[in-house]
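Have a look at the structure below before the remarks.
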Amino acid sequence: MLSLDEEVRLYTTNAEREKYSLLATLFGIIVALDFLERAYVRDSITAAEYSPACTRLLSQYMTMLKLVKDSIPSIEEFMKRFQLDTPAALHRIKVGVPATVEHSSEAGPETGKWIAETTQVRGALRYVAHSFPYFLLFCPAARFGLHQTYDTQNFITFMDALKLRLRAKDQLHPILQELVTGYARFKGSKEWEGRSRMVGWLITLNGMKASEELTEEQSRQLLFDVDYAYAEFFRSLSGDKNDRDDAFRAPS
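The numbering of the sequence shown is the numbering used here, which starts it at 2 and goes up by one.
Below you can see the structure in the form of structure tokens.
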């Protein structure tokens, strides 16, 4: 007969003990993320405090999810199984980036530094273009290197990945996540349509398994949306749509 005073053990082997320990850690991460989201919404913490903490929790979540993937089919199933009522955490997990990136919050010190560096590089580009026009004309690699200094390498890398027919989540998600994070640094991106398009694709990839792949139609649409965001981003740096051409036009 079972004694009511006897402790009920969830495991009988070391392997089972490790499994439940990992599940408990994942549970704690989700609860912590939910509290963090609520604190940020209530202005209990600043964006500067929120962003690194959220990024760290999301990274920990992804690591733990890989360790327990055989025990839980999805995060929704995990939350249902252990009666977790954490909608804020679930939304953040599905998006995959902090709210400051998703909604492109007001510019902070990091954004100001990035804009200053971009402005300096833009001045350097114009100087080289007007002082050494034929060097840029006959040296595509030099032009490409100057474009990279505009912080566009993530755009180029991601579009090249799609053109090389990379389709799986584990191939595309890390690049797109880095791209969206860098894109949101710029205060003006709050009003750009390209930002919402890319966040939408980030949510789509987050909902897929690592081995799942985008369809050909999805890949073409994603490439179109990222190319649109890239053009929008470049126009914002250039001031108007003709500045990029002017930068490389040889002086008469």
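Backbone N, C-alpha and C define an ideal beta-carbon position, used for all residues, glycine too.
These figures come from a predicted structure and were not determined experimentally.
Spatial distance of residue i from residue j (CA atoms)
{"i": "L34", "j": "G201", "result": "21 Å"}
{"i": "A211", "j": "L167", "result": "13 Å"}
{"i": "Q84", "j": "P175", "result": "30 Å"}
{"i": "G97", "j": "E8", "result": "39 Å"}
{"i": "S270", "j": "R186", "result": "Nothing about residue 270 can be reported from this structure: the residues present for the chain run from 2 to 253 only."}
{"i": "E19", "j": "M65", "result": "12 Å"}
{"i": "C55", "j": "L37", "result": "7 Å"}
{"i": "A79", "j": "K67", "result": "Inspection of the sequence shows that residue 79 is occupied by Phe rather than by Ala. In a straight line, the C-alpha of F79 is about 14 Å away from that of K67."}
{"i": "I76", "j": "Q178", "result": "19 Å"}
{"i": "G195", "j": "T47", "result": "26 Å"}
{"i": "G29", "j": "R236", "result": "44 Å"}
{"i": "P88", "j": "S45", "result": "19 Å"}
{"i": "L215", "j": "E103", "result": "22 Å"}
Nonlocal neighbours in the same chain, by C-beta distance under 8 Å from residue i, ignoring five residues either side
{"i": "L224", "result": "M160, L163, K164"}
{"i": "F156", "result": "L180, V227, A230, Y231, F234"}
{"i": "R82", "result": "I73"}
{"i": "I94", "result": "I31, L34, L59, Y62, I76, N207"}
In DSSP terms, what residue i is bridged to
{"i": "E38", "result": "BP columns for E38 are empty, so no partner."}
Residue range of the alpha helix (DSSP H) that includes residue i
{"i": "E78", "result": "76-82"}
{"i": "L58", "result": "48-68"}
{"i": "G195", "result": "194-207"}
{"i": "A89", "result": "88-96"}
{"i": "E214", "result": "Looking at the DSSP string, E214 is not in any alpha helix (DSSP H), and its letter there is neither H nor E."}
{"i": "F156", "result": "154-164"}
Cβ neighbours of residue i in the same chain (closer than 7 Å, five flanking residues each side left out)
{"i": "L5", "result": "none"}
Near the ligand NAP: residue i beta-carbon under 7 Å from a heavy atom
{"i": "V69", "result": "Among the ligands in the structure shown, none appear at all, so the ligand NAP cannot be discussed."}
Contacting residues, own chain, Cβ-Cβ under 6 Å from residue i (five flanking each side not counted)
{"i": "L286", "result": "Lying outside 2 to 253, the shown extent of the chain, residue 286 is not represented and no answer is given."}
{"i": "M199", "result": "V181, A230"}
{"i": "A142", "result": "Here A142 scores only 42 on pLDDT, less than 50, and its place in the model should not be relied on; the value that follows carries that caveat. Hits under 6 Å: none found."}
{"i": "W193", "result": "E233"}
{"i": "L23", "result": "L68, V69"}
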